[in-house]
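Plus 8 on top of the position in the sequence shown (first one is 1) and you've got the numbering used here.
Accompanying notes for the structure given below.
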Amino acid sequence: MMNNNFTISNDDIHHTEQISSFIDLRFFLVRIFYPCLLAWGTIGNALCLRVLLSKKFLKNSTCQYLAVLAVIDILFILMRSGKHVYKLFRVTPIFNTSKWICRILTFFSSALAHMASWILVIVSFDRYLIVTSGYRRHSSSVNRVFCSTSVLIAIVVLCNLYYFFILGKSSIKEIKPIP
9 MMNNNFTISN
19 DDIHHTEQIS
29 SFIDLRFFLV
39 RIFYPCLLAW
49 GTIGNALCLR
59 VLLSKKFLKN
69 STCQYLAVLA
79 VIDILFILMR
89 SGKHVYKLFR
99 VTPIFNTSKW
109 ICRILTFFSS
119 ALAHMASWIL
129 VIVSFDRYLI
139 VTSGYRRHSS
149 SVNRVFCSTS
159 VLIAIVVLCN
169 LYYFFILGKS
179 SIKEIKPIP
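Structure (structure tokens):
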């Protein structure tokens, strides 16, 4: 005689609660957090950019780098949060709409993340040079910031160009059957 026990165990309830909390977290992130991040992050960085580009701060090279960082951060927020806001209106993720959209968005997302990190490294070196060596030539700070930012953009673009060649290609070769 076979005894079938169809009662719900404690493990089943715990697993269901985990799935439910995961769905609640995902709902919170997609419907509330990312749109708020998109709006408030853009507004905050725009205000920061306005302050950093005022006459009072524009002479300081660190403020110029931080203004560049604010622009990069605005673009990064638009890229990263924008894809989640896009999910609110479309069923298909934006990366699946075409191969070139996937390549372009991945390229810009990666490039902006790298540029933000390296701008902070440049700010650190700039501050170090200003503090230790009296490197306070205000007339050349605009040129120095422009040149170093241009070199950084060129290097980051070159390092991230491979996204245009690897995305959308199958890594598994189709095996043809032997006749």
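Note that the Cβ used here is the ideal one computed from N, Cα and C, for glycine as well.
These numbers were taken from a predicted model, which means no experiment stands behind them.
Review point. Pairing CB atoms from the segment 90 to 103 with CB atoms from the segment 126 to 137, are three or more of them under 8 Å?
Key: The segment 126 to 137 and the segment 90 to 103 do not touch, with fewer than three beta-carbon pairs separated by less than 8 Å.
Review point. By the 10 Å Cβ neighbour count, where 16 or more other Cβ atoms means buried, how is residue 80 classified, buried or exposed?
Key: It is buried - the Cβ of residue 80 has at least 16 other Cβ atoms within 10 Å.
Exercise for review: Identify the continuous alpha helix (DSSP H) that holds residue 38 and give its terminal residues.
Suggested key: Counting along the chain, residue 38 falls outside any alpha helix (DSSP H), and DSSP gives it neither H nor E.
**Study point:** Distance, residue 41 Cα to residue 69 Cα
**Key:** Distance between the alpha carbons of residue 69 and residue 41 is about 34 Å.
Practice item. Output the distance between the C-alpha atoms of residue 91 and residue 99, rounded to the nearest integer angstrom. Key: If you take the alpha carbons of residue 91 and residue 99, they lie about 12 Å apart.
Practice item. Give the secondary structure of residue 125 by DSSP, where H, G and I count as helix, E and B as strand, and everything else as coil. Key: If DSSP states are grouped into helix, strand and coil, residue 125 belongs with the helices.
Review point. Per DSSP, what kind of secondary structure is residue 104 in: helix, strand or coil?
Key: Reduced to three states, the DSSP call for residue 104 is helix.
Review point. Just how far apart, CA to CA, sit residue 46 and residue 141?
Key: Distance between the alpha carbons of residue 46 and residue 141: 40 Å.
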